[in-house]
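Enquirer: 525 is the number of the first residue of the sequence shown in our numbering; add one for each residue after it.
Note that beta-carbon positions come from the ideal geometry of N, C-alpha and C, so glycine has one too.
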Amino acid sequence: MPHQTGHREGLQRHFMGTEVTPGHQRVLVGTKPLNDGWVMSIIKIDGCTNEAEAIWLGQCIQSDLIEYISIANDESRRLRRSGSSPVRLPPAPVGLQPST
């Protein structure tokens, strides 16, 4: 069975230099739990030379970020249904910068 990328690894691979445009881009990714049990994502991209580059970079991380949030939401719902005490989920990688 092939190795499946974990939800944290999926986000981190975008910041290791292989899938990021050359230059001085900074991508900040964060998550914030909401009162209704969902998790909101925040993406900030700085240093792109044009809008098309920023859009491309945002699309590169979109599917992994959605997967991370889906897993966090599913785990939160499962805990509420079981009546277990809440477990703090690890945050998404924040502020990782590719080497130039």
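With a Cβ-Cβ cutoff of 9 Å, do GLN586 and CYS572 count as a contact?
Expert: no
Enquirer: Between which residues of its own chain and LEU558 is the CB-CB distance below 8 Å, once the five residues before and five after are set aside?
Expert: Cβ-Cβ distances below 8 Å link LEU558 to MET564 in the same chain, with the five nearest sequence neighbours on each side left out; the list follows chain order.
Enquirer: Is the CB-CB distance between GLY561 and ARG601 below 9 Å?
Expert: In this structure, GLY561 sits near ARG601, with a CB-CB distance shorter than 9 Å.
Enquirer: Comparing alpha-carbon positions, which option in SER594, ASP570, ARG604 lies nearest LEU581?
Expert: The candidate whose alpha carbon is nearest that of LEU581 is ASP570.
Enquirer: Taking the beta strand (DSSP E) that LEU558 falls in, what are its first and last residues?
Expert: From DSSP, LEU558 is part of no beta strand (DSSP E); its letter is neither H nor E.
Enquirer: How far does the alpha helix (DSSP H) with TRP580 in it extend, from its first residue to its last?
Expert: 575-606
Enquirer: Quick test of your reading: LYS556 and ILE567, contact by CB under 8 Å. State the CB separation rounded to the nearest angstrom.
Expert: Between ILE567 and LYS556 the Cβ distance is about 12 Å, and since that is not below 8 Å, they are no contact.
Enquirer: Can you say whether ASP598 is buried or exposed, counting buried as having 16 or more other CB atoms within 10 angstroms of its CB?
Expert: exposed
Enquirer: From LEU603 to ILE593, what does the alpha carbon distance come to, in whole angstroms?
Expert: 15 Å
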